[in-house]
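The listed protein sequences derive, respectively, from chains P and V.
First residue of the first sequence: 405, per our numbering; consecutive thereafter.
First residue of the second sequence: 405, per our numbering; consecutive thereafter.
Glycine included, C-beta positions come from ideal geometry on N, C-alpha and C.
All of these numbers come straight from a predicted model, not from anything done at the bench.
Let me begin by presenting the structure, written as structure tokens, before commenting on it.
Protein chains: 2
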Amino acid sequence: MSETGKSCAECAVRGEALCAALDENALAALSATGRRRRLARGESLSWAGHESAVCANLIQGMMKLTASTADGREQIVGIAYPADFVGRPFARDADVTVTALAPSELCVFPRGDFERALTGCADMERLLLRRTLETLDAARERMLMLARKTAGERVAWLLLDCARRAEAADGSEFDLPLTRGEMAELLGLTIETVSRQLTRLRARGIIATRGARGMAIRDAAALEAAAG
Amino acid sequence: MSETGKSCAECAVRGEALCAALDENALAALSATGRRRRLARGESLSWAGHESAVCANLIQGMMKLTASTADGREQIVGIAYPADFVGRPFARDADVTVTALAPSELCVFPRGDFERALTGCADMERLLLRRTLETLDAARERMLMLARKTAGERVAWLLLDCARRAEAADGSEFDLPLTRGEMAELLGLTIETVSRQLTRLRARGIIATRGARGMAIRDAAALEAAAG
DNA sequence: CGCTCAGTTGAAAGGTTTCAAAAACCGTGG
DNA sequence: CCACGGTTTTTGAAACCTTTCAACTGAGCG
Chain P
405 MSETGKSCAE
415 CAVRGEALCA
425 ALDENALAAL
435 SATGRRRRLA
445 RGESLSWAGH
455 ESAVCANLIQ
465 GMMKLTASTA
475 DGREQIVGIA
485 YPADFVGRPF
495 ARDADVTVTA
505 LAPSELCVFP
515 RGDFERALTG
525 CADMERLLLR
535 RTLETLDAAR
545 ERMLMLARKT
555 AGERVAWLLL
565 DCARRAEAAD
575 GSEFDLPLTR
585 GEMAELLGLT
595 IETVSRQLTR
605 LRARGIIATR
615 GARGMAIRDA
625 AALEAAAG
Chain V
405 MSETGKSCAE
415 CAVRGEALCA
425 ALDENALAAL
435 SATGRRRRLA
445 RGESLSWAGH
455 ESAVCANLIQ
465 GMMKLTASTA
475 DGREQIVGIA
485 YPADFVGRPF
495 ARDADVTVTA
505 LAPSELCVFP
515 RGDFERALTG
525 CADMERLLLR
535 RTLETLDAAR
545 ERMLMLARKT
555 AGERVAWLLL
565 DCARRAEAAD
575 GSEFDLPLTR
585 GEMAELLGLT
595 IETVSRQLTR
605 LRARGIIATR
615 GARGMAIRDA
625 AALEAAAG
């Protein structure tokens, strides 16, 4: 039973989060060390360069992981969705900052407790290994994008990714979960360049927009082609 | 005992590779499925988009992991050194190509056999998890570099990395393990840009070169500053 | 209804790439 | 040991794309 009075049994991501791999006893033990935490948009869970004190499962919302240079340039290096794990077990320091992109709720554990749960449960460890390998695959795809794709290709790629995640049917409208600034931060571009590329896609009839967030893909094939 | 007649006991990376976590029996079982393989510079172990058939430990040499776009643009997304693990357990398809940068020797296992060894040995699984988390950290640092650093910063960053790995004392000479082309492939630049940045660092007295590979860092502080 | 902030658009600047050619390097063979 | 030929590296100039700086527009909200 967590601080907020919700039990694991009624957790929105029960069955999808890492702790799905725990048996009843281990779950109870871990659960006793965890607590729910809500973050408003823009609030951070941890900061790069600071001690990596916590691990958490994202229950609802959306978070960004950002890396930054000494002089303040920033880059989003990952996005976390509900049921995703965030944190860095087995390391003293975090090298990313984790910030809520939308109002979010997490189940937070002291890092040491979470590590003990991992070590004590090979299934959960295996699950984390698989997820980490997938995250690494995604990171490598992003490296290719950041290093070799044009601005137009990057924007198209992101729109396809958002549409896929929004499970938007072809031509149907969905809301972008990111501002232009966040899109830029993710794609390694500037706000202006993102805006110009969206304008270009709209001019070519490939997408339609409605306000800043409303988005509809009119020509998925063309968008895929544009994504390189 | 592997094909080449060498046993694990006399393996050059025994104690550092993943299999250091295996007990005697498990090691014997895995070892029976593995074989040594030598690759000349430029030869590949696996190809992106093809079936991820093998896992391996790099015994000696150096390999690059490259991702590529449909139209052939390429980006190095990782480098493997002796004792490093290469391969993608738990996935049907590989999304990177693994190619030898120097004459290399690997201990290669069918993916299924390696996965069984992992599943049967929590210690090895834990070790792979830790290494994968470290690799992910490195990948994120690279994303930041590829997205936000200038050509000069990238080249300086790479030189520092190479010097560190070569354990070159301050001012001492060492050989770059990469050609200009490979440096460019790693840094998300072109050969010409890498060459121009090296020329600039040389002109500023920060480095000295001797042929294409010989490199000496004359002013480490300035180089660190230049790396951003 | 006006205010504020996010997003768009424009023009100029800047850095990197592209294309082209010269120079240096390296392994080979005489 | 030096000359040779192919390849890698360096250098130059122009083109290109993205960024920067600046101003405008539009949307959301009290």
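Q: Could you spell out the range, first to last residue, of the alpha helix (DSSP H) harbouring L422 (chain V)?
A: Element bounds for L422 (chain V): n/a, residue is neither H nor E.
At least one CB of chain V closer than 9 Å to the CB of V512 (chain P): is that the case?
Interface criterion not met: the Cβ of V512 (chain P) is under 9 Å from no Cβ in chain V.
- Item | Every unbroken alpha helix (DSSP H) within the segment 543-610 of chain P, with a cutoff of 4 residues, ordered by chain | Every alpha helix (DSSP H) of 4 residues or more that sits fully in the segment 543-610 of chain P is shown, in chain order, as 555-570, 584-591 and 595-607.
- Task: Look at L494 (chain P) and N461 (chain P) and say whether their C-beta atoms are less than 9 Å apart.
- Result: First, the amino acid is wrong: residue 494 (chain P) is Phe here, not Leu. Against a cut-off of 9 Å, the Cβ pair of N461 (chain P) and F494 (chain P) comes out as no contact.
With DSSP run on the structure shown, which of helix, strand or coil describes D488 (chain V)? In the three-state reduction of the DSSP assignment, D488 (chain V) falls in the coil class, being assigned neither a helical nor a strand state.
Point to revise | Bridge-paired residues (DSSP) for M466 (chain V) | key: The beta-bridge partner set that DSSP reports for M466 (chain V) consists of V:A506.
Please decide whether G592 (chain P) counts as near chain V, where near means a Cβ-Cβ distance under 9 Å.
Interface residue, yes.
- [ ] Below 8 Å between beta carbons is the criterion; list the residues of the segment 540-560 of chain P that meet it against any residue of chain V, in chain order.
- [x] Answer in chain order: L540, D541, A543, R544, E545, R546, M547, L548, L550, A551, R552 and K553.
Comparing the C-beta of D427 (chain P) with each C-beta of chain V, is any distance below 9 Å?
With 9 Å as the cut-off, D427 (chain P) does not count as an interface residue toward chain V.
Any C-beta of chain P within less than 8 Å: which residues of the segment 458-481 of chain V qualify? If the cut-off is 8 Å between Cβ atoms, the segment 458-481 of chain V has L469, A471, S472, T473, A474, D475, R477, E478, Q479 and V481 near chain P.
Q.
With the cut-off set at 9 Å, would you say L469 (chain V) and A484 (chain V) are in Cβ contact?
A. In contact: L469 (chain V) and A484 (chain V) (Cβ atoms closer than 9 Å).
Rounded to whole angstroms, what's the CA-CA distance from A624 (chain P) to C412 (chain V)? Just pull it up for me. Roughly 53 Å separates the two Cα atoms.
Contact set between V490 (chain P) and chain V, taken where Cβ atoms lie within less than 9 Å = Listed along chain V is no residue with a C-beta nearer than 9 Å to that of V490 (chain P); the closest approach is about 12 Å.
task: Taking 9 Å as the cut-off, decide whether the C-beta atoms of G465 (chain V) and A498 (chain V) are in contact.
output: No.
From T554 (chain P) to E577 (chain P), what does the alpha carbon distance come to, in whole angstroms? So the two alpha carbons sit approximately 26 Å from each other.
> Taking C-beta to C-beta, are W561 (chain P) and M547 (chain P) nearer than 9 Å?
Replying inline: No.
Problem set entry | E447 (chain V), DSSP secondary structure in three states | Correct three-state label for E447 (chain V): coil.
Practice prompt. Could you check the C-alpha separation between A425 (chain P) and L532 (chain P) for me, to the nearest Å?
Written response: Just so you know, the alpha carbons of A425 (chain P) and L532 (chain P) end up roughly 10 Å apart.
>> Quick check: the segment 598-605 of chain P against the segment 523-532 of chain P, are at least 3 beta-carbon pairs closer than 8 Å?
In response: Two segments are said to touch when three or more pairs of C-beta atoms, one from each, lie closer than 8 Å; by this definition the segment 523-532 of chain P does not touch the segment 598-605 of chain P.
* What first and last residue would you give for the beta strand (DSSP E) that runs through A620 (chain P)? -> Annotation for A620 (chain P): the continuous beta strand (DSSP E) segment containing it runs G618 to I621.
Handout entry: Meets three-Cβ-pair contact criterion under 8 Å: the segment 578-591 of chain V and the segment 512-528 of chain V
Key = Fewer than three Cβ pairs drawn from the segment 578-591 of chain V and the segment 512-528 of chain V lie within less than 8 Å of each other, which leaves the two stretches out of contact.
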